[in-house]
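Numbering (numbering that gives the first Met the number 0), first residue to last: 0 to 142.
The structure appears below as structure tokens.
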Amino acid sequence: MGACRFWRVTFVQLDSGAVAEGRITRVTDFGAFIQFENGETGLVHISQIAHSFVRNIHDHVHEGDTIEVKVLGRDERGRLDLSIKELLEEPEEIPRPRAIGRQSPQFEAKLRSFMRDAKERGPGAIGAGKKGGSTSTSTKRKK
């Protein structure tokens with residue numbers, strides 16, 4: 000009697016809400032492209048990588064990684080919209096991007112001086128310079 004072999008065929012139905020495992024085939028500044036066993040490819044937009052602000056996507060994902068994603072749906076062209084963030088536990092407090100610190104005191108003083116001078120010159124004086132003069136840059140010549 001010959002040996003029978005059974006092949007297990009796995010077909011992943013990639014409908015909205017499905018969770019599937021795929022391999023990252025390409026990472027760009029705006030997201031990561033994921034390919035699934037069935038040959039379909041989808042995009043995890045940078046906004047769907049993590050709950051916190053993602054400044055550099057390469058800090059979170061790398062080409063060749065195998066990851067689990069959630070299917071958010073398909074766009075008007077039938078392409079898969081995916082999310083990693085939807086599978087992560089949401090933190091109690093989402094960290095905000097670091098704020099830019101105050102400018103140097105010299106810059107602040109120059110800005111105050113500029114604003115004071117502009118106010119003294121009155122409306123429409125910005126761009127005229129300290130010596131006055133016309134703000135018009137075009138002149139017409141008669142022939």
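The C-beta atom is built at its ideal place from N, Cα and C for all residues, glycine as well.
Best match in the options for proximity to residue i [C-alpha to C-alpha]
| i | options | result |
| --- | --- | --- |
| His44 | Asp64, Gly38 and Val68 | Val68 |
| Ser15 | Phe52, Glu91, Arg73 and Glu85 | Arg73 |
| Glu85 | Arg25, Ser51 and Pro122 | Ser51 |
Span of the alpha helix (DSSP H) around residue i
| i | result |
| --- | --- |
| Asp116 | Pro104 to Arg120 |
Residue i classed as buried or exposed, judged by whether at least 16 other C-beta atoms fall within 10 angstroms
| i | result |
| --- | --- |
| Gly41 | buried |
| Leu71 | buried |
| Ala108 | exposed |
| Gly30 | buried |
Start and end residues, beta strand (DSSP E) containing residue i
| i | result |
| --- | --- |
| Phe35 | Neither: Phe35 is in no beta strand (DSSP E) and is coded neither H nor E. |
| Ala19 | Val18 to Thr27 |
| Arg73 | Thr65 to Arg73 |
| Asp14 | Taken as a continuous stretch (DSSP letters only), Asp14 belongs to no beta strand (DSSP E), as it is neither H nor E. |
| Ser46 | Where Ser46 is concerned, there is no enclosing beta strand (DSSP E), given that its DSSP letter is neither H nor E. |
Contact belief for residue i with residue j at Cβ below 8 angstroms, rounded distance in angstroms
| i | j | result |
| --- | --- | --- |
| Glu34 | Thr24 | According to the sequence provided, residue 34 is Gln. The question's Glu does not apply to it. With a Cβ gap of about 5 angstroms, Gln34 and Thr24 count as contacting. |
| Leu13 | Glu39 | 6 angstroms |
How about the stretch 73–84 and the stretch 45–65: do they share at least three Cβ pairs that are nearer than 8 angstroms? Three or more beta-carbon pairs drawn from the stretch 73–84 and the stretch 45–65 are found closer than 8 angstroms, and the two stretches are therefore classed as touching.
Closer than 8 angstroms is the cut-off here; do at least three beta carbon pairs connect the stretch 102–110 with the stretch 52–70? These segments do not touch.
Per the contact definition of three or more C-beta pairs closer than 8 angstroms, is the stretch 50–58 in contact with the stretch 18–25? no
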